[in-house]
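Chemist: Per our numbering, the sequence shown runs over residues 1 to 415. Glycine included, C-beta positions come from ideal geometry on N, C-alpha and C.
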Amino acid sequence: MAPGSRLLAVAAAVGVGCGAWENFGGLGWQRNSQPPPWKAHTGSLAVTLPSNGRVLLIAGQAGEHGGALFDCFNCTKEVWSFDSADEKWEDLSAVVPWAPRWGHSAVVTSDDTVWMLFGCCEPGMPTVMLRDVWTYNPTKGTPWTLMKTEPPFEGIQATSVAVRGKDELWVCGGWSQSRGTLSQVAVLSLSTLAWEVKSEHGEAPWRHRADHATALSSDGGWLFLFAGQHRDEKTGRWSRLKDTWRVALPAARASDWQQLGDLNAARSSVPVLVLPSGWLLALGGHHVPDDEELKVPQEDIEGMLDHHRKAAFSVYNDVLALDLRPNSGASSFSESVAKHSTWSVVEPNAPWPARDDCAAAVGADGSLLLFGGGTIYGGGGYLHDFWRLPSAAAAYALRAPESSGSSGAERGSEL
């Protein structure tokens, strides 16, 4: 474990069983008949522990905020664990020492260490984003620990974090209260807790953004970035994004980013799901027309709420797939780019209700797990449900690495 200031506590978790699984749709989606034991909310993040397949559901927010300057928008500091083997939930919240938050990032390394970074916002200071970094390893019995590291930027939220190997966290973009949406790229060494800025804000060719997603190829050679939302620094207008980019690691030179194919529709706030077969999935999220113009200050709470209540807001229930497997049978660099350029719509209309900012994870057995989410712009319409798709790669006919001589989904339409 990297050095840090350790906060000792003992968890007193009690298992809560879940209900029966009800079948929905021809691809095999199942909904749990019993509402989960946690309060309905959005913006939670789910991570799967590699050693035992337990899924942790971390933080989020449960209030209507409309983007106004509330004190963390009714954020939570709840942490729940779901064990798919005995199908029980455990509440691990009692020993959580960090401040309630959403817009945070959470990932897990191969030794079951959970890393949680940043979010919104400092208690009592809704304009100050968090810049703390925490670790937790329930398998080893290591409590939540505040790491002694200083990010090379101000507090941010809605960034993306991806794990490379055993020693690197790659942090891209995000939202700064002072600078708006960002395009900086930085790396945190997990062994030294030192940061390296790979490119400053504005240097990468992609539009600066927040609430986007990033993922790595299984060999750690490529970083992929897609979706999100962008705020124009001159006009203040927001737009949702559908572009996809990749860059070679570890250099990650700003000039080396390559634009790939677009998603089928612009969207923000999608979870990152990489199947054991090497495919990246994108599902859910939201869209708002590009003509959205905010004419009231964030300090005007009622004005902000009114703006978001009246704005056109769409949520999705489709599933897309992109091949992240190294080379995927390509015989040349240009062919490799082509093979990684096309998203496929593998399920245009899933049986679960369309949703934004949901939590999702890939189970140890390759199943998809989907938790909650929202349906109202600015917070609200929370879905208090729990879905799974057993054997997702088989359901979507996404070939495993040993069959990588041919790429592209067997099921689904290319965009």
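With 16 as the cutoff for other CB atoms within 10 Å, does D323 come out buried or exposed?
Modeler: With 16 or more other Cβ atoms within 10 Å, it is buried.
Chemist: Pair every Cβ in the region 281-292 with every Cβ in the region 168-177, then say whether three or more of these pairs are closer than 8 Å.
Modeler: The answer is no - the region 168-177 does not touch the region 281-292, with fewer than three Cβ pairs under 8 Å.
Chemist: Need the endpoints of the alpha helix (DSSP H) that A393 sits in, please.
Modeler: Taken as a continuous stretch (DSSP letters only), the alpha helix (DSSP H) holding A393 covers 392-395.
Chemist: Taking the runs of the beta strand (DSSP E) that are 3 residues or longer, which of them lie wholly in the region 11-38?
Modeler: Runs of the beta strand (DSSP E) inside the region 11-38: 15-17, 21-24, 29-32.
Chemist: Which residues in the same chain as T159 place their Cβ atom closer than 8 Å to its Cβ, once the five residues preceding and following it in sequence are excluded?
Modeler: The answer, listed in chain order, is S105, L117, F118, V171, C172, G173, G174, W175, L182, A210.
Chemist: Report all residues from its chain with a CB closer than 6 Å to the CB of C18; omit the five preceding and five following residues, and keep chain order.
Modeler: Counting only Cβ-Cβ distances below 6 Å, and skipping sequence neighbours, we find N32, Q34, E87.
Chemist: Can you name, in chain order, every residue of its own chain whose Cβ lies under 8 Å from the Cβ of W352, other than the five neighbours on each side?
Modeler: For W352, where only same-chain residues beyond five positions count, the Cβ hits under 8 Å are F24, W29, R31, N317, L370, D385, W387.
Chemist: Strictly by DSSP, which residues pair up with E347?
Modeler: Its beta-bridge partners are V319.
Chemist: Relative to the C-alpha of W144, which candidate in S199, E78, G103, L188 has its C-alpha closest?
Modeler: Comparing Cα positions, the closest option is E78.
Chemist: Assuming the contact rule is C-beta atoms closer than 8 Å, Y382 and A59 should be a hit. Round their C-beta distance to whole Å, please.
Modeler: Incorrect: roughly 15 Å between the Cβ atoms, too far for contact.
Chemist: Determine the DSSP secondary structure at L260, reduced to helix, strand or coil.
Modeler: Three-state DSSP puts L260 in coil, outside helix and strand.
Chemist: Please list the terminal residues of the continuous beta strand (DSSP E) segment that includes A361.
Modeler: From DSSP, the beta strand (DSSP E) with A361 extends over 359-362.
Chemist: Please report the distance separating the alpha-carbon of A321 from that of G180.
Modeler: For A321 and G180, the distance between alpha carbons rounds to 30 Å.
Chemist: If I measure Cβ to Cβ from P152 and keep anything under 7 Å in the same chain, skipping five residues before and after, which residues do I get?
Modeler: Same-chain partners within the cutoff: A186, W195, V197.
Chemist: Report the start-end ranges of each beta strand (DSSP E) in the region 53-137 that is 3 residues or longer and not cut off at the edges.
Modeler: Here the runs fully enclosed are 55-61, 75-83, 88-91, 105-108, 114-122, 125-137.
Chemist: So the beta strand (DSSP E) E196 belongs to, where does it begin and stop?
Modeler: Unbroken beta strand (DSSP E) run through E196: 195-199.
Chemist: Exposed or buried, D219, counting other C-beta atoms within 10 Å across all chains shown (16 or more means buried)?
Modeler: D219 comes out exposed.
Chemist: For a quick check, are the C-beta atoms of V274 and V362 less than 8 Å apart?
Modeler: Yes, Cβ-Cβ distance for V274 and V362 is below 8 Å.
Chemist: Kindly identify the DSSP beta-bridge partner or partners of R164.
Modeler: For R164, which the question treats as bridged, DSSP gives the partners E168.
Chemist: Measuring only the C-alpha atoms, how far is A392 from D91?
Modeler: One C-alpha to the other measures close to 27 Å.
Chemist: Determine contact between the region 344-359 and the region 41-49, defined as no fewer than three beta-carbon pairs at a distance below 8 Å.
Modeler: Segments in contact, yes.
Chemist: Does the Cβ of G236 have 16 or more other Cβ atoms within 10 Å, making it buried, or fewer, making it exposed?
Modeler: Flag for G236 reads exposed.
Chemist: Since A210 sits in a beta bridge, which residues does DSSP pair it with?
Modeler: Looking at the DSSP assignment, A210 forms a beta bridge with Q229.
Chemist: Taking buried to mean at least 16 other C-beta atoms within 10 Å of its own C-beta, is T76 buried or exposed?
Modeler: Buried is the call here.
Chemist: Within the continuous beta strand (DSSP E) that includes L281, where are the two ends?
Modeler: Residues 279-283.
Chemist: Report, in whole angstroms, the separation of the C-beta atoms of F224 and T244, which I expect to be a contact under 8 Å.
Modeler: Sure, about 7 Å apart at Cβ, within 8 Å.
Chemist: When you compare only the Cα positions, how much space is there between L398 and E122?
Modeler: Those two C-alpha atoms are separated by around 43 Å.
Chemist: Grab the span of the beta strand (DSSP E) containing A354 for me, first residue to last.
Modeler: Per DSSP, A354 belongs to no beta strand (DSSP E) and is neither H nor E.
Chemist: Please report how far the alpha carbon of G228 lies from the alpha carbon of W21, in whole angstroms.
Modeler: Rounded to the nearest angstrom, the two C-alpha atoms are 32 Å apart.
Chemist: Checking the sheet assignment: what are the DSSP bridge partners for T192?
Modeler: Bridge partners of T192: none, in fact.
Chemist: Specify the secondary structure class of S255 as computed by DSSP and reduced to three states.
Modeler: If DSSP states are grouped into helix, strand and coil, S255 belongs with the helices.
Chemist: Do V270 and A213 have their beta-carbon atoms positioned less than 8 Å apart in this structure?
Modeler: A contact, by the Cβ cut-off of 8 Å.
Chemist: What is the rounded straight-line gap between the Cα of H287 and the Cα of L305?
Modeler: So the two alpha carbons sit approximately 18 Å from each other.
Chemist: Give the DSSP bridge partners of G202, in chain order.
Modeler: Its beta-bridge partners do not exist; DSSP assigns none.
Chemist: Helix, strand or coil: which one does DSSP assign to G303?
Modeler: Here G303 sits in helix by DSSP.
Chemist: In terms of alpha-carbon separation, which member of Q61, V315, V114 lies closest to R54?
Modeler: It is V114 whose Cα lies nearest to the Cα of R54.
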